[in-house]
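Colleague: Residue 219 in the working numbering is what sits at position 219 of the sequence shown, and the numbering runs on without skipping anything.
Glycine included, C-beta positions come from ideal geometry on N, C-alpha and C.
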Amino acid sequence: MFIFVGMVLASYVNSSQQAMPFIDSNGALMNLIKIAGFAGVALVANDGLRDRDRFLVLLNRLAWFGGGYALLGLAQFFTGLNFVDQINIPGLVGGGAGGVDSRAGFVRPESTARHTLEYASVLSVTLPIALTMAIHGAEKRLIFRWLPTALICGAAMLSVTRSALIGIVVVMLILVPTWAPRVRKIALFAGIAGLGVLYVAVPGIAGTIMGMFSGSDSSIDSRTSSYPAISGYLLVSPWLGRGLGTMTADYRIFDNQFIGLLIELGIVGSLAFITLVLVSSFCTIFRRRGTDIKISALGPAIGAGILAAALLSAFFDSFHFPQSIGMISLMIGLAGAHWNLSPDIVDIQPVNFSSPDALTKPAKMQISRLLLVLLRWWFVVVLILAAFIPLGFHIRGASGVFYTKFDIVFQAPPGATKDNALRTEASSTVHYAAMVQRIYQNKHHEADIRPVRAPLYGTGMRDIEAVYLPSSGGQWQTNFNKSQITVEIVKDTPEEAERRATEITKEITALAIAPQTDTGVWKESQITTERVAQTIPVGYIDVRIKYALAVLLVLALGTAFAGAMSLNKFVKWRHSKN
């Protein structure tokens with residue numbers, strides 16, 4: 001977890017040295033706060049559940065939470081009502097759509113999530129917990145033990161989304177091999193019976209589910225059509241990325257969190273997250289807790305939840321949805337708590353929270369231990385901090401870029417005369433502008449990276465140009481209704497930006513006149529061009545050096561403290577072996 005958080009900080013330092021729009025830089029800063037919060041969830045779960053009973057109580061509540069969450073989704077499916085939009089909290093404004101989505105005539109429930117895919121992710125995480133607690137919860141009545149599992153499975157099947165079904169498959173592939181043969185048979189019969197009930201109770205749902213996994217699909221096509229743009233964004237900063245939270249919909253929508261992490265955190269940051277997921281899941285799956293069968297069975301359940309949530313992140317931007325990333329963080333923390341539990345059942349004295357020193361004494365002891373370790377290994381701290389000093393001087397030398405954007409408008413002639421078939425229709429003028437833009441593009445190689453709506457300098461490149469027709473549509477539904485060509489230029493100096501703006505304007509003007517002259521169109525009947533801005537507006541986009549230095553200091557201190565603590569643990573381990 002420390003390495004992943006460190007890579008997020010390093011990526012922010014790197015992005016702060018690039019010229020970015022305010023909304024992107026603000027998003028990167030907000031994501032630092034968000035990751036700190038989710039890391040806190042993981043650490044509290046990891047270190048705060050040392051007692052077996054508290055561990056089981058939390059997982060039992062998590063299972064019932066999943067059941068209630070699924071119940072609300074089922075109510076939305078059968079009634080077509082959102083219910084959540086009826087809740088009005090004073091001082092707060094709802095940020096959702098306020099309705100329900102649909103597919104093939106069926107409602108796509110969301111429960112309290114912001115999207116159906118987030119809903120599917122939460123169901124996939126809570127299912128293995130509820131299932132395992134039901135199998136090993138002999139102290140409760142049968143209906144109460146299995147009610148959360150039944151609700152979650154039913155909600156997943158009726159979510160009308162591939163992700164929920166894929167999550168169920170992943171969970172079962174991990175859990176079924178750990179079950180006793182008798183449990184496998186019961187689960188098989190129960191699954192067949194449940195599918196039969198759904199087939200009868202909800203006519204048409206079986207065909208809809210089969211149709212989601214067969215033939216072409218617009219949602220799949222929208223994802224695959226964005227893959228060619230990955231390399232362009234990745235090459236800007238392949239190792240550290242452009243900063244978590246800066247790849248917004250104004251640039252490109254990939255609907256794949258792993259691609260988003262690859263671009264935002266780079267290769268190293270993506271590997272850190274993947275390693276965190278794999279280590280926390282596999283160590284928990286294969287960990288056995290002595291003679292405690294229930295705790296041992298919860299290991300594969302927690303690991304299955306982590307892997308299911310991670311796999312579903314390949315189908316949507318899970319880090320942009322608080323419930324999905326929050327559940328991943330919680331499960332990673334529970335994996336650590338499961339590892340920390342004693343292999344045998346032991347009695348732990350409960351904490352007397354009524355005592356004024358119940359919480360302050362442990363905190364003071366931890367601080368004292370940390371100070372002693374830092375004093376013992378002070379030279380390690382100094383060496384690590386000294387290694388960051390050259391990076392600070394490098395950041396101080398970072399500079400911004402110069403940017404300009406202007407439009408070249410195509411104006412139709414006042415009437416139709418000799419050999420001019422375009423007349424004055426705006427649509428024909430748009431087509432002619434598109435032809436001129438394609439001719440220019442064939443003569444000049446442009447970078448394979450252009451945002452959908454964001455300014456060109458937001459890509460992070462310092463020497464780039466873009467000549468294109470503006471679209472009033474979106475990423476997958478374009479709408480070219482303006483007879484003009486937009487030009488964006490990013491350079492290191494204002495003189496270079498002005499020079500290229502003048503050259504591009506002259507070339508487009510010449511390309512617009514040449515075909516008409518060659519075909520014999522009278523001069524007064526030709527389509528003409530005019531640059532909207534007579535004076536090229538070149539602006540300077542600065543970088544955020546102060547923010548970069550502040551976060552670099554935090555990263556340096558964290559690395560120094562972690563280095564001293566790690567060395568201290570290593571020395572203790574060597575002494576114990578000797």
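On the CB-based measure, 16 or more other CB atoms within 10 Å of its CB, does residue 477 come out buried or exposed?
Modeller: Exposed, because fewer than 16 other Cβ atoms sit within 10 Å of the Cβ of residue 477.
Colleague: If we call anything under 7 Å between Cβ atoms a contact, is residue 12 one with residue 243?
Modeller: Yes, the Cβ-Cβ distance between residue 12 and residue 243 is below 7 Å.
Colleague: Grab me the residues of residue 325's own chain with a C-beta within less than 7 Å of its C-beta, minus the 5 sequence neighbours each way, in chain order.
Modeller: The answer, listed in chain order, is 38, 318 and 319.
Colleague: For residue 502, which of 114, 532 and 524 has the nearest alpha-carbon?
Modeller: If we check each option's Cα against that of residue 502, 532 comes out closest.
Colleague: Just mark residue 366 as buried or exposed, buried being the case when its beta carbon has 16 or more other beta carbons within 10 Å.
Modeller: Looking at its Cβ environment, which holds fewer than 16 other Cβ atoms inside 10 Å, residue 366 is exposed.
Colleague: Just curious, the alpha helix (DSSP H) that residue 38 is in, first and last residue?
Modeller: Looking at the DSSP string, the run of the alpha helix (DSSP H) that includes residue 38 is 22-48.
Colleague: What are the complete beta strand (DSSP E) segments, minimum 3 residues, inside the stretch 533-561?
Modeller: For the stretch 533-561, whole beta strand (DSSP E) runs of length 3 or above, ordered along the chain, are 539-541.
Colleague: Candidates 527, 204, 150 and 492: which alpha carbon is nearest residue 508's?
Modeller: Among 527, 204, 150 and 492, the Cα nearest to that of residue 508 is on 527.
Colleague: Which partner residues of residue 466 appear in the DSSP bridge assignment?
Modeller: DSSP lists 488 as partners of residue 466.
Colleague: Under the DSSP definition of a beta bridge, which residues are partnered with residue 102?
Modeller: 107, per the DSSP bridge assignment.
Colleague: Below 8 Å on the Cβ atoms is my contact criterion, and I expect residue 20 with residue 265 to pass it. Report the Cβ-Cβ distance as a whole number of Å.
Modeller: With a Cβ gap of about 16 Å, residue 20 and residue 265 do not count as contacting.
Colleague: On the CB-based measure, 16 or more other CB atoms within 10 Å of its CB, does residue 36 come out buried or exposed?
Modeller: Exposed, because fewer than 16 other Cβ atoms sit within 10 Å of the Cβ of residue 36.
Colleague: For residue 530, which residues does DSSP report across the bridge?
Modeller: According to DSSP, which records beta bridges pairwise, residue 530 is partnered with 409.
Colleague: Counting pairs of Cβ atoms below 8 Å between the stretch 129-137 and the stretch 296-312, do you hit three or more?
Modeller: In short, these stretches touch, since the Cβ pair count reaches three.
Colleague: Please state whether DSSP places residue 151 in a helix, a strand or coil.
Modeller: If DSSP states are grouped into helix, strand and coil, residue 151 belongs with the helices.
Colleague: How would you call residue 378, buried or exposed, if buried means at least 16 neighbouring beta carbons within 10 angstroms?
Modeller: When all chains shown are included, residue 378 counts as exposed.
Colleague: DSSP three-state call for residue 519: helix, strand or coil?
Modeller: Correct three-state label for residue 519: coil.
Colleague: Mind checking residue 463: buried by the 16 CB within 10 Å criterion, or exposed?
Modeller: Exposed: under 16 other Cβ atoms inside 10 Å.
Colleague: In the DSSP assignment, the alpha helix (DSSP H) including residue 53 goes from what residue to what residue?
Modeller: Run containing residue 53: 52-79, per the alpha helix (DSSP H) assignment.
Colleague: Does any residue of chain B bring its CB to less than 7 Å from the CB of residue 230?
Modeller: In summary, chain B is missing from the structure at hand, where a single protein chain is found.
Colleague: Three or more C-beta pairs under 8 Å: does that hold for the stretch 564-578 against the stretch 16-35?
Modeller: Too few Cβ pairs lie closer than 8 Å, so no.
Colleague: Under the DSSP definition of a beta bridge, which residues are partnered with residue 402?
Modeller: BP columns for residue 402 point to 491 and 540.
Colleague: Leaving out five residues before and five after residue 27 in sequence, what residues of the same chain have Cβ atoms less than 7 Å from its Cβ?
Modeller: These residues qualify, in order along the chain: 245, 246 and 248.
Colleague: Do you know offhand how far residue 81's Cα is from residue 75's?
Modeller: Near 8 Å, if we compare the C-alpha coordinates of residue 75 and residue 81.
Colleague: Return yes when the C-beta of residue 547 is under 6 Å from any heavy atom of the ligand ADP, and no when it is not.
Modeller: For the ligand ADP, the structure offers nothing, since it holds no ligand at all.
Colleague: Terminal residues of the continuous alpha helix (DSSP H) containing residue 338?
Modeller: Start and end: 322-340.
Colleague: Start and end of the alpha helix (DSSP H) containing residue 280?
Modeller: From DSSP, the alpha helix (DSSP H) with residue 280 extends over 266-285.
Colleague: Just the C-alpha distance for residue 411 and residue 429, rounded to the nearest angstrom, thanks.
Modeller: When rounded, the distance between both Cα atoms is 7 Å.
Colleague: Flag this pair as yes or no: are the beta carbons of residue 168 and residue 180 separated by less than 7 Å?
Modeller: Taking 7 Å as the Cβ cut-off, residue 168 and residue 180 do not qualify as a contacting pair.
Colleague: Counting C-beta neighbours from all protein chains within 10 Å, is the total for residue 331 16 or more, i.e. buried, or is it exposed?
Modeller: The residue is buried, with at least 16 neighbouring Cβ atoms inside 10 Å.
Colleague: Do residue 511 and residue 440 have their CB atoms nearer than 7 Å?
Modeller: Yes, Cβ-Cβ distance for residue 511 and residue 440 is below 7 Å.
Colleague: Helix, strand or coil: how does DSSP classify residue 570 here?
Modeller: Helix, per DSSP.
Colleague: Helix, strand or coil for residue 12 per DSSP?
Modeller: Looking at residue 12 - three-state DSSP - the assignment turns out to be helix.
Colleague: Can you name, in chain order, every residue of its own chain whose Cβ lies under 6 Å from the Cβ of residue 304, other than the five neighbours on each side?
Modeller: Once the five neighbours on either side are set aside, the close Cβ partners of residue 304 are 128, 171, 174 and 175.
Colleague: Mapping the DSSP letters down to three states, classify residue 461 as helix, strand or coil.
Modeller: Of the three classes helix, strand and coil, the one that applies to residue 461 here is coil, per DSSP.
Colleague: Given 8 Å as the limit, is there contact between the stretch 38-56 and the stretch 108-120, that is, 3 or more CB pairs closer than that?
Modeller: Not touching, per the Cβ criterion.
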